[in-house]
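In the working numbering, the protein residues as written are 2 to 287.
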């Protein structure tokens, strides 16, 4: 059964912030290592679980995102331990519950996470929220926990035809130390500025964790004949003055390579726009 942060704290999914805090306080007092000297290993594990649940449910944004995922396992695939405990001051929270200061006199330790930075060793370090009560060793388990890989982005240019009618494309990307060929389905109706998400196609996970996601930034290339405005396509056609005055029928190319006959009414003026219904861009689904 998937782990549920609400069940870990013993609260309802509609619980208020105060109810969640009260539930965590009760469990923190019960499972704090100082209260369980003869059952240290089990108490540490339980304390970490309830603290993780509280770190998520006490933060409105994290709680909303968690509610969208529905389980702790799914949430952890998108949020590393660093993300979960960012801004979570365990020492301060415990002091407010009546516990003393840190065992280490305010000392904190750091450990490597699966979040890659912009340079240096490729990792970032951050304070382990459990070091003060577990003597610096509490974060070691989390350091070795599976971590979701970093998301990647790629700018993908597509033709107007591909953006309007959809297409299957094969792209080759440099992913860390390898070249990976990826099949991409371009949905019909996509436009410049849209993003396509390919789950699991980002950078490799850490310690057996899932890969990150790949986000494709779509850029639609200009077309020599057609112009696009929203879901409408425009094309300019030049006719003789006599054709405009007397009326005529002309051939109009369409984006799929066929031509359609268009009737020009007598007395048509210069720069007149004539609508051909159903030959524009289909609405983007999803």
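Glycine included, every Cβ here is placed at the ideal spot set by N, Cα and C. These figures come from a predicted structure and were not determined experimentally.
Entirely enclosed beta strand (DSSP E) segments - the stretch 200–267, minimum 3 residues: List check, beta strand (DSSP E) in window: 215–221, 228–230, 233–235, 249–254 and 260–265.
Distance, residue 79 Cα to residue 19 Cα: By 1-based counting over the chain shown, the position of residue 19 is 18. By 1-based counting over the chain shown, the position of residue 79 is 78. Their backbone Cα atoms lie some 27 angstroms apart in a straight line.
Going by C-alpha distance, which of 181, 221 and 241 is nearest residue 271? The residue given as residue 271 occupies position 270 in the chain shown. Minimum Cα distance to residue 271 is reached at 241.
Taking its Cβ as the centre, do 16 or more other Cβ atoms sit within 10 Å of residue 120, making it buried, or is it exposed? Taking the first residue of the chain shown as 1, we reach residue 120 at position 119. Low per-residue confidence applies at residue 120: pLDDT is 35, beneath 50, and the placement is therefore not dependable, though the value from the model is reported in the following sentence. Residue 120 is exposed by the Cβ-count criterion.
Cross-strand partners of residue 184 (DSSP beta bridge): To locate residue 184, count along the chain shown from 1; it is residue 183. Listed as beta-bridge partners of residue 184 by DSSP are 171.
In terms of alpha-carbon separation, which member of 264, 266, 255 and 273 lies closest to residue 279? In the chain shown, counting from the first residue as 1, residue 279 sits at position 278. Of the candidates 264, 266, 255 and 273, the residue whose Cα lies closest to the Cα of residue 279 is 255.
Specify whether the stretch 212–226 and the stretch 186–198 touch according to this definition: at least 3 beta carbon pairs, one from each stretch, less than 8 angstroms apart. Taking 8 angstroms as the limit for Cβ pairs, the verdict is that the stretch 186–198 does touch the stretch 212–226.
State yes or no: is the C-beta of residue 86 within less than 8 angstroms of the C-beta of residue 56? Taking the first residue of the chain shown as position 1, residue 86 is located at position 85. Taking the first residue of the chain shown as position 1, residue 56 is located at position 55. Yes, the pair counts as a contact, with Cβ atoms nearer than the cut-off.
Can you tell which of 252, 66 and 52 has the C-alpha that lies nearest to the C-alpha of residue 261? Counted from its first residue, the chain shown places residue 261 at position 260. Out of 252, 66 and 52, the CA that lies nearest to the CA of residue 261 is found in 252.
Just confirm the distance between the C-beta atoms of residue 147 and residue 208, as a whole number of angstroms; I'd bet it's less than 8 angstroms. Numbered from 1 along the chain shown, position 146 holds the residue referred to as residue 147. Numbered from 1 along the chain shown, position 207 holds the residue referred to as residue 208. The pair is a contact, with the Cβ atoms about 5 angstroms apart (cut-off 8 angstroms).
Taking its Cβ as the centre, do 16 or more other Cβ atoms sit within 10 Å of residue 107, making it buried, or is it exposed? In the chain shown, counting from the first residue as 1, residue 107 sits at position 106. Residue confidence is low: residue 107 scores 39 on pLDDT, short of 50, so the model does not pin down where it sits. No coordinate-derived value is stated.
Where DSSP assigns a beta bridge to residue 198, which residues make up the other side? By 1-based counting over the chain shown, the position of residue 198 is 197. Bridge partners of residue 198 according to DSSP: 216.
Bridge-paired residues (DSSP) for residue 148: Along the chain shown, one-based indexing puts residue 148 at 147. Paired residue(s): 207.
Taking its Cβ as the centre, do 16 or more other Cβ atoms sit within 10 Å of residue 247, making it buried, or is it exposed? For the purposes of this step, residue 247 is taken as the residue at position 246 of the chain shown. Exposed: under 16 other Cβ atoms inside 10 Å.
Please check the pair residue 174 and residue 163, which I expect to be a contact at CB under 8 angstroms, by giving their CB distance rounded to whole angstroms. Here residue 174 refers to the residue found at position 173 when the chain shown is read from its first residue. Here residue 163 refers to the residue found at position 162 when the chain shown is read from its first residue. With a Cβ gap of about 18 angstroms, residue 174 and residue 163 do not count as contacting.
Residue 276 versus residue 64 - alpha carbon distance: Here the question's residue 276 lines up with position 275 in the chain shown. Here the question's residue 64 lines up with position 63 in the chain shown. Each residue's CA atom was taken as its position, placing residue 276 and residue 64 some 49 angstroms apart.
By the three-class DSSP mapping on this structure, what secondary structure does residue 159 have? Here residue 159 is taken as the residue at index 158 of the chain shown, counted from 1. Looking at residue 159 - three-state DSSP - the assignment turns out to be strand.
Own chain partners of residue 238 with C-beta closer than 7 angstroms, once the 5 adjacent residues on each side are dropped: Here residue 238 is taken as the residue at index 237 of the chain shown, counted from 1. Excluding sequence positions up to five before and after residue 238, its CB lies within less than 7 angstroms of the CB of 251 and 253, all in the same chain and listed in chain order.
Other residues of its chain near residue 201: CB distance less than 6 angstroms, five sequence neighbours each side excluded: Looking up residue 201 in the chain shown gives position 200. Contacts found: 212.
Closest to residue 160 by CA distance: which of 83, 8 and 257 is it? In the chain shown, counting from the first residue as 1, residue 160 sits at position 159. Between residue 160 and the set 83, 8 and 257, the nearest pair of CA atoms involves 257.
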